[in-house]
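**Student:** After the structure tokens below, expect a handful of questions from me.
In our numbering, the protein residues as written are 3 to 199.
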């Protein structure tokens with residue numbers, strides 16, 4: 003009987019700690035979901051996402067739309083389109099960004115391609131190498147659920163950036179947020195534990 007009580011107490015404690023942790027993650031995500039981008043940034047980095055053949059997914063299209071809107075309003079800002087070619091993709095994510103931005107009236111001369119990265123860490127590291135000398139004010143463009151982790155990784159790589167959070171389509175919210183909770187947990191483990199080993 004005592005053992006059963008201990009098990010229930012342990013399960014209850016784990017459940018409570020889990021709820022506290024996921025509430026903490028949601029608060030951090032929410033804090034970065036409503037950022038207002040400063041005007042006249044030197045550069046912005048659009049983070050890649052899934053491409054279906056040659057067509058950007060809904061969440062990805064939302065990122066590209068947000069980037070295009072800013073670029074039209076800030077004509078001196080250069081854009082780095084970041085993302086390699088993954089399974090089921092006929093073109094790189096960077097190329098998809100470029101094509102869609104050109105369709106929206108953004109000059110090709112303003113677009114720099116980073117088409118080798120396979121995850122957010124590489125998006126940031128590889129894009130950093132393409133930032134023009136003297137450029138200081140930067141922006142990250144990604145979906146609102148992804149903004150906290152993206153900016154955290156950028157700042158860990160010594161990029162002082164702000165963000166342009168793109169809306170996440172409702173149909174993609176449950177899956178996107180669940181995956182992001184796991185991705186942030188992996189980020190914390192890598193930052194605080196694995197890097198110190």
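All residues carry an ideal CB built from backbone N, CA and C; glycine is no exception. The model shown is predicted, which means the values in this text are computed figures rather than measured ones.
May I have the straight-line CA-CA distance separating residue 46 from residue 59, to the nearest angstrom?
**Tutor:** Locating residue 46 in the chain shown gives position 44, counting from the first residue. Locating residue 59 in the chain shown gives position 57, counting from the first residue. Their Cα atoms are separated by approximately 20 Å.
**Student:** Return helix, strand or coil for residue 35, following the three-state DSSP convention.
**Tutor:** Numbered from 1 along the chain shown, position 33 holds the residue referred to as residue 35. Coil at residue 35, not helix or strand.
**Student:** Taking only three categories from DSSP, how would you classify residue 84?
**Tutor:** Against the chain shown, residue 84 aligns to sequence position 82. Here residue 84 sits in strand by DSSP.
**Student:** I need the straight-line Cα distance from residue 76 to residue 57, nearest angstrom please.
**Tutor:** Taking the chain shown and counting its residues from 1, the one referred to as residue 76 is at position 74. Taking the chain shown and counting its residues from 1, the one referred to as residue 57 is at position 55. The alpha-carbon atoms of residue 76 and residue 57 are separated by roughly 26 Å.
**Student:** Does the beta-carbon distance from residue 108 to residue 161 come in below 8 Å?
**Tutor:** As a position in the chain shown, residue 108 is number 106, starting the count at 1. As a position in the chain shown, residue 161 is number 159, starting the count at 1. No, they are not a contact pair.
**Student:** Taking 8 Å as the threshold, find out whether the segment 114–131 comes into contact with the segment 80–90 through three or more Cβ pairs.
**Tutor:** Counting Cβ pairs under 8 Å, three or more are found: they touch.
**Student:** Express the C-alpha separation of residue 164 and residue 195 in angstroms, rounding to a whole number.
**Tutor:** By one-based count along the chain shown, residue 195 stands at place 193. By one-based count along the chain shown, residue 164 stands at place 162. Approximately 26 Å between the Cα atoms of the pair.
**Student:** To the nearest angstrom, how far is it from the Cα of residue 140 to the Cα of residue 114?
**Tutor:** Sequence index remark: in the chain shown, residue 140 carries index 138 (1-based). Sequence index remark: in the chain shown, residue 114 carries index 112 (1-based). Cα to Cα, the separation comes out at about 14 Å.
**Student:** When you compare the CB positions of residue 80 and residue 112, do they come within less than 8 Å of one another, or not?
**Tutor:** Here residue 80 refers to the residue found at position 78 of the chain shown. Here residue 112 refers to the residue found at position 110 of the chain shown. For residue 80 and residue 112, yes; Cβs fall inside 8 Å.
**Student:** I need the straight-line Cα distance from residue 145 to residue 28, nearest angstrom please.
**Tutor:** Within the chain shown, residue 145 is the residue found at index 143, counting from 1. Within the chain shown, residue 28 is the residue found at index 26, counting from 1. Roughly 14 Å separates the two Cα atoms.
**Student:** Among the residues of its own chain, which have a CB less than 6 Å from the CB of residue 54, if the five just before and after it don't count?
**Tutor:** Residue numbering aside, residue 54 sits at position 52 when the chain shown is read from its first letter. Excluding residues within five positions, none has a Cβ falling inside 6 Å.
**Student:** Could you pull the DSSP bridge partners for residue 201 from this structure?
**Tutor:** In the structure displayed, the chain extends from 3 to 199; residue 201 sits before or after that span and is not available.
**Student:** From the DSSP output, in three-state form, read off residue 160 for me.
**Tutor:** Translated into the one-based positions of the chain shown, residue 160 becomes position 158. The answer is coil: DSSP assigns residue 160 none of H, G, I, E or B.
**Student:** Can you list the alpha helix (DSSP H) stretches of 4 or more residues lying completely in the segment 57–118, in chain order?
**Tutor:** Runs of the alpha helix (DSSP H) inside the segment 57–118: 60–75 and 95–105.
**Student:** Quick check on the burial criterion: 16 or more other C-beta atoms within 10 angstroms. Buried or exposed for residue 50?
**Tutor:** Here residue 50 refers to the residue found at position 48 when the chain shown is read from its first residue. Counting Cβ neighbours within 10 Å, residue 50 comes out buried, since at least 16 surround it.
**Student:** To the nearest angstrom, report how far apart residue 170 and residue 7 are at their CA atoms.
**Tutor:** In the chain shown, residue 170 corresponds to position 168, counting from 1. In the chain shown, residue 7 corresponds to position 5, counting from 1. Using only the alpha carbons, I get a separation of about 43 Å.
**Student:** Could you check the C-alpha separation between residue 159 and residue 99 for me, to the nearest Å?
**Tutor:** Translated into positions along the chain shown, residue 159 becomes position 157. Translated into positions along the chain shown, residue 99 becomes position 97. Cα to Cα, residue 159 sits roughly 23 Å from residue 99.
**Student:** What number of angstroms, rounded off, separates the C-alpha of residue 130 from the C-alpha of residue 36?
**Tutor:** In the chain shown, residue 130 corresponds to position 128, counting from 1. In the chain shown, residue 36 corresponds to position 34, counting from 1. Their backbone Cα atoms lie some 24 Å apart in a straight line.
**Student:** Between 149, 124 and 106, which has its C-alpha nearest residue 31's C-alpha?
**Tutor:** Taking the first residue of the chain shown as position 1, residue 31 is located at position 29. Comparing Cα-Cα distances from residue 31 to each of 149, 124 and 106, the minimum goes to 149.
**Student:** Roughly how many whole angstroms lie between the Cα atoms of residue 73 and residue 187?
**Tutor:** As a working note, residue 73 is residue 71 in the chain shown. As a working note, residue 187 is residue 185 in the chain shown. So the alpha carbons of these two residues sit roughly 33 Å apart.
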